[in-house]
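Q:
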Amino acid sequence: MAQMVETLEQQHKTDETALITGSEAIAVACKLADVDVITAYPIRPYDTVMQYVSKLVSHGELDCEYIVAEGEHSQFEIVKHASAVGARVFCGSSGVGWMYAMEALTVTPALRIPMVAMVGNRALDDPGAFGVEHNDALTVRDLGWMLVWVDTAQEALDTALIAYRVAEDRRIFLPCAISCDGAFLTHSQALVKIPAQEKVNEFLPRYNRGDLLLHPDNPITVAPQVNEDWVMEIRRQNYAAMERTTAVIKEAYADFERIFGRSYGNPFFEEYMTEDADIVLMGMGTLSIPMKVAIRQMRKEGKKIGFVRLRWFRPFPAEALAKSLGRFKAVGVVDRDYSFGSPYMSGVVTHEVRTALYSAPGPKPPVLCFICGLGGREVTLPDITRMTESVYQAAEGKAQPLTQWIGLRE
Amino acid sequence: MATYVNIEPTQNLEPFKGVKKLPLEEYFTSGHRTCQGCESALVMKMMVKAAGPRTIVLGSTGCMYVANTTYYSTSWVVPWMHTQLGSSGSAALGTAAGLKALMRKGKIKNEPINVIAFCGDGGGADMGLGAISATLTHPDYNCLILMYDNESYANTDIQLSGSTPWGANTTFSTPGPAKRIMHHRWKKNMAGMMAAGHPTCRYVATICMSYGLHGMNSIRKALTIGGPTFIHSLDPCPKGWDYDPIQSHELGELAVNTGVWPLYEVEDGVLRLTGRTQQIADKRIPRQPVRDYLLRQGRFAHFTDDDIDYFQSKVDEMWHKWLIPGAIPFHKEIEADNPPA
Chain A
1 MAQMVETLEQ
11 QHKTDETALI
21 TGSEAIAVAC
31 KLADVDVITA
41 YPIRPYDTVM
51 QYVSKLVSHG
61 ELDCEYIVAE
71 GEHSQFEIVK
81 HASAVGARVF
91 CGSSGVGWMY
101 AMEALTVTPA
111 LRIPMVAMVG
121 NRALDDPGAF
131 GVEHNDALTV
141 RDLGWMLVWV
151 DTAQEALDTA
161 LIAYRVAEDR
171 RIFLPCAISC
181 DGAFLTHSQA
191 LVKIPAQEKV
201 NEFLPRYNRG
211 DLLLHPDNPI
221 TVAPQVNEDW
231 VMEIRRQNYA
241 AMERTTAVIK
251 EAYADFERIF
261 GRSYGNPFFE
271 EYMTEDADIV
281 LMGMGTLSIP
291 MKVAIRQMRK
301 EGKKIGFVRL
311 RWFRPFPAEA
321 LAKSLGRFKA
331 VGVVDRDYSF
341 GSPYMSGVVT
351 HEVRTALYSA
361 PGPKPPVLCF
371 ICGLGGREVT
381 LPDITRMTES
391 VYQAAEGKAQ
401 PLTQWIGLRE
Chain B
411 MATYVNIEPT
421 QNLEPFKGVK
431 KLPLEEYFTS
441 GHRTCQGCES
451 ALVMKMMVKA
461 AGPRTIVLGS
471 TGCMYVANTT
481 YYSTSWVVPW
491 MHTQLGSSGS
501 AALGTAAGLK
511 ALMRKGKIKN
521 EPINVIAFCG
531 DGGGADMGLG
541 AISATLTHPD
551 YNCLILMYDN
561 ESYANTDIQL
571 SGSTPWGANT
581 TFSTPGPAKR
591 IMHHRWKKNM
601 AGMMAAGHPT
611 CRYVATICMS
621 YGLHGMNSIR
631 KALTIGGPTF
641 IHSLDPCPKG
651 WDYDPIQSHE
661 LGELAVNTGV
671 WPLYEVEDGV
681 LRLTGRTQQI
691 ADKRIPRQPV
701 RDYLLRQGRF
711 AHFTDDDIDY
721 FQSKVDEMWH
731 KWLIPGAIPF
741 HKEIEADNPP
751 A
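The listed protein sequences correspond, in order, to chains A and B.
Using our numbering, read the first sequence as starting at 1 and increasing by one per residue.
Using our numbering, read the second sequence as starting at 411 and increasing by one per residue.
#1: Contact criterion: CB-CB distance below 9 Å. Does residue 514 of chain B meet it with respect to chain A?
#2: Cutting at 7 Å between CB atoms, please list the residues of its own chain near residue 402 of chain A, excluding the five before and the five after it.
#3: Using a Cβ-Cβ cut-off of 8 Å (strictly less than) and excluding sequence neighbours within five positions of residue 380 of chain A, which residues of its own chain qualify?
#4: So which of B:438, B:422 and B:419 has the shortest CA-CA distance to residue 220 of chain A?
#5: Would you say residue 74 of chain A reaches chain B, if we count a Cβ-Cβ gap shorter than 9 Å as a contact?
#6: With a threshold of 16 other CB atoms inside 10 Å of the CB of residue 1 of chain A, please say whether the residue is buried or exposed.
#7: For residue 310 of chain A, which of A:34, A:149, A:188 and A:87 has the nearest alpha-carbon?
#8: Taking a Cβ distance cut-off of 7 Å, strictly less, list which residues of the region 15-36 of chain A are near chain B, in chain order.
#9: Taking Cβ-Cβ distances shorter than 8 Å, what residues in chain A pair up with residue 706 of chain B?
#10: For residue 491 of chain B and residue 317 of chain A, what's the separation of their Cα atoms in angstroms?
#11: Assuming residue 405 of chain A is part of the beta strand (DSSP E), what are its boundary residues?
#12: Taking just the CA atoms, how far does residue 477 of chain B sit from residue 34 of chain A?
#13: What would DSSP say about residue 752 of chain B, mapped onto helix, strand or coil?
#14: Go through its chain and collect everything with a Cβ distance to residue 558 of chain B's Cβ below 7 Å, but skip five positions before and after it.
#15: Does DSSP put residue 663 of chain B in a helix, in a strand, or in coil?
#16: Do you know whose CA, among B:668, B:499 and B:598, lies nearest residue 637 of chain B's CA?
#17: Evaluate residue 209 of chain A with the Cβ neighbour count: other Cβ atoms within 10 Å of its Cβ, from every protein chain shown; 16 or more gives buried, anything less gives exposed.
#18: Identify whether residue 38 of chain A lies in helix, strand or coil by the three-state DSSP scheme.
#19: Excluding five sequence neighbours on each side, which residues of the same chain lie with their C-beta closer than 6 Å to the C-beta of residue 134 of chain A?
#20: Which residues in chain B sit within 7 Å of residue 103 of chain A, going by Cβ to Cβ distance?
#21: Taking 9 Å as the cut-off, decide whether the C-beta atoms of residue 564 of chain B and residue 647 of chain B are in contact.
#22: Taking just the CA atoms, how far does residue 701 of chain B sit from residue 709 of chain B?
#23: Considering only their Cβ atoms, is the gap separating residue 86 of chain A from residue 734 of chain B smaller than 9 Å?
#24: Could you tell me the alpha carbon to alpha carbon distance between residue 182 of chain A and residue 51 of chain A, rounded to whole angstroms?
#25: With 16 as the cutoff for other CB atoms within 10 Å, does residue 17 of chain A come out buried or exposed?
#26: Measure from the C-beta of residue 397 of chain B to each C-beta in chain A and report whether the shortest distance is under 9 Å.
#27: Please list the residues of the region 122-156 of chain A that have a C-beta atom closer than 9 Å to any C-beta atom in chain B, keeping them in chain order.
#28: Give the DSSP-derived three-state secondary structure of residue 462 of chain B in the structure shown.
#29: Please work out which residues of its chain come closer than 6 Å, Cβ to Cβ, to residue 698 of chain B, disregarding the five sequence neighbours upstream and downstream, and give them in chain order.
#30: Assuming the contact rule is C-beta atoms closer than 8 Å, residue 247 of chain A and residue 279 of chain A should be a hit. Round their C-beta distance to whole Å, please.
#31: Reducing DSSP to helix, strand and coil, say where residue 117 of chain A ends up.
#32: Considering only their Cβ atoms, is the gap separating residue 626 of chain B from residue 457 of chain B smaller than 9 Å?
#33: If we ignore side chains and look at the alpha-carbon of each, how far apart do residue 659 of chain B and residue 549 of chain B end up?
#34: When the cut-off is 9 Å and only beta carbons count, does residue 204 of chain A lie next to chain B?
#35: I need the straight-line Cα distance from residue 389 of chain A to residue 382 of chain A, nearest angstrom please.
#36: Relative to the alpha-carbon of residue 428 of chain B, which residue among B:623, B:505 and B:673 has its alpha-carbon at the smallest distance?
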């Protein structure tokens, strides 16, 4: 018996490795985080996370209230209210499902609810397309959600733990959505190190709703009618909370590295082969995979190209990114999204990058927008070559269209 | 009930024996800004008086949100939280699920806490119908959804809802020379629909706070029985129904006594007519003509005699032709429907 206890204790302390998908990695994070209430509703591709949650619950590995809702609006409202009484919650959606929940998504940050959600990024209807586009998650970018894009199953698991830690920090109390590209990440298996429970417990304190707890022992009135008398001051509190996120995210990544021994370097964006690069391409999510392959290929041809993968979109690392991008002669942003009618008809990420870069002191290289890989269309080597050529032209001072659609049937 | 349904104990709230036995404590007090004669405010007051202090109330958008929770002057003594217009069902479910998980895992003290979510007729019979329905299918969460029905979107200027009576004048159905009856839909049968459609829901009732003790005891039963429950309250509204505020109580009585608003409860699938409705059904008191009720309200002032007769015929049909009178509108045979021109 003593030996058995020892073995269990040993298991508790040791990491394991498993072959799982990005969705499954997030379900495992829910188990490790001892999430209390989870709500599901089917839509591809995020729903694979809930299929795995269901298995974890039925196998007794995850002790939570697991509720299948009747629509995404209810799905997000249920966990919002569970969080208000002090429960740690998880939820998620994709594409138009996320849009169906929009009202709930609006009030969640306003109520300072530290929900963690997964978005399995998917093209918005119509026409039907299961594949990845980022417009779904991006719709909440102004509302107080923290938004992070990950590119591997390992990063999905780790980021989910970090997301709980940051969201539930009393200085923050804002929700966090983890974006996983549909199919490319949600459905792709990879070897993932599953951290030991003991390490997770050390990293992630219990959710403490504190003075905002809705309970008969703390009989507060939450979200009253404030009108013009107070709404500005309350909005300003959310502004301040979002302002604090940068520091708290840095703290969390530092602690993550200390406890789990895995480092992500700069938490906000990843740079690949940028040290000596003349130009860079940048984007979010699993775009990094074809991009890194292409860059290695092009480097063999002597082209000094780098890649910047933006991880945290909210908070947007404006200053750090501007400083970094200022080093290059030109920047090409690959948008897996669109913003019809916006300035120069560019994509959402491009606009943010231009604003960050052009508002900062220092060099201001040209920023081109490439709309590419919509609806899960593969971003190919010829696509990347084409984009690179255009960015080189811009670097040489030759005028290029500010927005180009790449990989489009002509 | 099957063993895989895990219901936590509820508070054992015995029925109040009489008005004089009611507790003096109030959990919905001053600070609200409801209209004079607002019956829904009375429902709120009685609801939490019946439930007691160990209660969490969730309120969906509507009069009872906007008028009751002015910042810094909340009228709620018990914890209260806003929920979205269509979210009363989800708010009840989420709150109950959160408490249940935390108690089971030993993260908070294990004790029965009442969870009540309220919604108006717009939030309940229209937008929130799906979420309420879903919640009533979850037998393992103790919660009550109370729909206070003032028969219009009264907070936003009296627009018709799915629960507005046929023909009523609202700001979205103003009568004019070309069309006298702009609203020609019949009121949704919410309580009947909830009872008939959710076989594991253990308690559904209709109430009217003109009969306060009856209403409060229905609420206590709904909270004690366990699982999700639903109560539909008809609330006269001076602003929306257009009458002198002094008459609110009387209009509630008239709604019941004319048979427009039958009082009943469905407990574990067993239907019981209650209060005055039972007495009317037993022919111990007469059912008054609907004319007495309609002509007291400005919203029906444009009604012709034909309109009143038609309204009466539909109420008579509910009492005599429905297979389950007052509750379920199934018929043995097709009935002719001849609305006035």
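All residues carry an ideal CB built from backbone N, CA and C; glycine is no exception.
A: Let me lay it out:
#1: Residue 514 of chain B sits at position 104 when you count from the first residue of the second sequence. It does: the Cβ of residue 514 of chain B has a partner Cβ on chain A nearer than 9 Å.
#2: As a first step, residue 402 of chain A must be located in the first sequence, where it is residue number 402. 344, 346, 368 and 369, listed in sequence order.
#3: The residue given as residue 380 of chain A occupies position 380 in the first sequence. Counting only Cβ-Cβ distances below 8 Å, and skipping sequence neighbours, we find 290 and 407.
#4: Counting from one through the first sequence, the residue named residue 220 of chain A turns up at place 220. The residue with the shortest Cα to Cα distance from residue 220 of chain A is B:438.
#5: Position 74 of the first sequence, counting from 1, holds the residue named residue 74 of chain A. It does: the Cβ of residue 74 of chain A has a partner Cβ on chain B nearer than 9 Å.
#6: Here residue 1 of chain A corresponds to residue number 1 of the first sequence, with the count starting at 1. Caution applies to residue 1 of chain A, whose pLDDT of 47 falls short of 50 and renders its modelled position unreliable; the value that the coordinates give is listed next. Burial call: exposed.
#7: The residue you call residue 310 of chain A lines up with position 310 of the first sequence. For residue 310 of chain A, the closest C-alpha among the options A:34, A:149, A:188 and A:87 is that of A:149.
#8: 36
#9: The count along the second sequence starts at 1 and reaches residue 706 of chain B at position 296. Here the premise fails: no neighbours, minimum Cβ distance about 31 Å.
#10: The sequence position of residue 491 of chain B within the second sequence is 81, counting from 1. The sequence position of residue 317 of chain A within the first sequence is 317, counting from 1. The straight-line gap from Cα to Cα measures roughly 34 Å.
#11: The count along the first sequence starts at 1 and reaches residue 405 of chain A at position 405. First-last of the beta strand (DSSP E) with residue 405 of chain A: 403-406.
#12: Taking the first sequence and counting its residues from 1, the one referred to as residue 34 of chain A is at position 34. Taking the second sequence and counting its residues from 1, the one referred to as residue 477 of chain B is at position 67. Residue 34 of chain A and residue 477 of chain B: Cα-Cα distance of roughly 39 Å.
#13: Nothing can be reported for residue 752 of chain B, as the shown portion of chain B is limited to 411 through 751.
#14: In the second sequence, residue 558 of chain B corresponds to position 148, counting from 1. Excluding residues within five positions, the ones whose Cβ falls inside 7 Å are 450, 453, 474, 528, 530, 643 and 645.
#15: Your numbering for residue 663 of chain B matches position 253 in the second sequence. Of the three classes helix, strand and coil, the one that applies to residue 663 of chain B here is helix, per DSSP.
#16: In the second sequence, counting from the first residue as 1, residue 637 of chain B sits at position 227. Of the listed residues, the one whose Cα sits closest to residue 637 of chain B is B:499.
#17: By 1-based counting over the first sequence, the position of residue 209 of chain A is 209. Buried, since its Cβ has 16 or more Cβ neighbours within 10 Å.
#18: For this step, residue 38 of chain A is matched to residue 38 along the first sequence. Strand at residue 38 of chain A.
#19: Indexing the first sequence from 1 puts residue 134 of chain A at position 134. Closer than 6 Å at Cβ, skipping near neighbours: 121, 336 and 337.
#20: Mapped onto the first sequence, residue 103 of chain A falls at position 103. Neighbours of residue 103 of chain A on chain B, chain order: 494.
#21: Looking up residue 564 of chain B in the second sequence gives position 154. Looking up residue 647 of chain B in the second sequence gives position 237. Against a cut-off of 9 Å, the Cβ pair of residue 647 of chain B and residue 564 of chain B comes out as a contact.
#22: For the purposes of this step, residue 709 of chain B is identified with residue 299 of the second sequence, where counting begins at 1. For the purposes of this step, residue 701 of chain B is identified with residue 291 of the second sequence, where counting begins at 1. Residue 709 of chain B and residue 701 of chain B have their alpha carbons spaced roughly 13 Å apart.
#23: Translated into positions along the second sequence, residue 734 of chain B becomes position 324. Translated into positions along the first sequence, residue 86 of chain A becomes position 86. No.
#24: Along the first sequence, read from residue 1 onward, the residue named residue 182 of chain A stands at position 182. Along the first sequence, read from residue 1 onward, the residue named residue 51 of chain A stands at position 51. Straight-line Cα distance between these residues: approximately 15 Å.
#25: One-based indexing of the first sequence puts residue 17 of chain A at position 17. Residue 17 of chain A should be labelled exposed.
#26: A query on residue 397 of chain B cannot be resolved here, the shown segment of chain B reaching from 411 to 751 and no further.
#27: Nothing from the region 122-156 of chain A brings a Cβ to less than 9 Å from some Cβ of chain B.
#28: The count along the second sequence starts at 1 and reaches residue 462 of chain B at position 52. Coil, per DSSP.
#29: Taking the second sequence and counting its residues from 1, the one referred to as residue 698 of chain B is at position 288. If we look at residue 698 of chain B and ignore the five residues flanking it on each side, its Cβ neighbours are 667 and 668.
#30: Taking the first sequence and counting its residues from 1, one reaches residue 247 of chain A at position 247. Taking the first sequence and counting its residues from 1, one reaches residue 279 of chain A at position 279. About 32 Å separates the two Cβ atoms, so there is no contact after all.
#31: Working through the first sequence from its first residue, we reach residue 117 of chain A at position 117. If DSSP states are grouped into helix, strand and coil, residue 117 of chain A belongs with the strands.
#32: By 1-based counting over the second sequence, the position of residue 457 of chain B is 47. By 1-based counting over the second sequence, the position of residue 626 of chain B is 216. Yes, these two residues count as a Cβ contact at 9 Å.
#33: Here residue 659 of chain B refers to the residue found at position 249 when the second sequence is read from its first residue. Here residue 549 of chain B refers to the residue found at position 139 when the second sequence is read from its first residue. About 35 Å.
#34: For the purposes of this step, residue 204 of chain A is taken as residue 204 along the first sequence, with counting starting at 1. Taking Cβ atoms only, chain B never reaches closer than 9 Å to residue 204 of chain A, which makes this a no.
#35: For the purposes of this step, residue 389 of chain A is taken as the residue at position 389 of the first sequence. For the purposes of this step, residue 382 of chain A is taken as the residue at position 382 of the first sequence. Straight-line Cα distance between these residues: approximately 10 Å.
#36: For the purposes of this step, residue 428 of chain B is taken as the residue at position 18 of the second sequence. That would be B:623, whose Cα lies nearest to the Cα of residue 428 of chain B.
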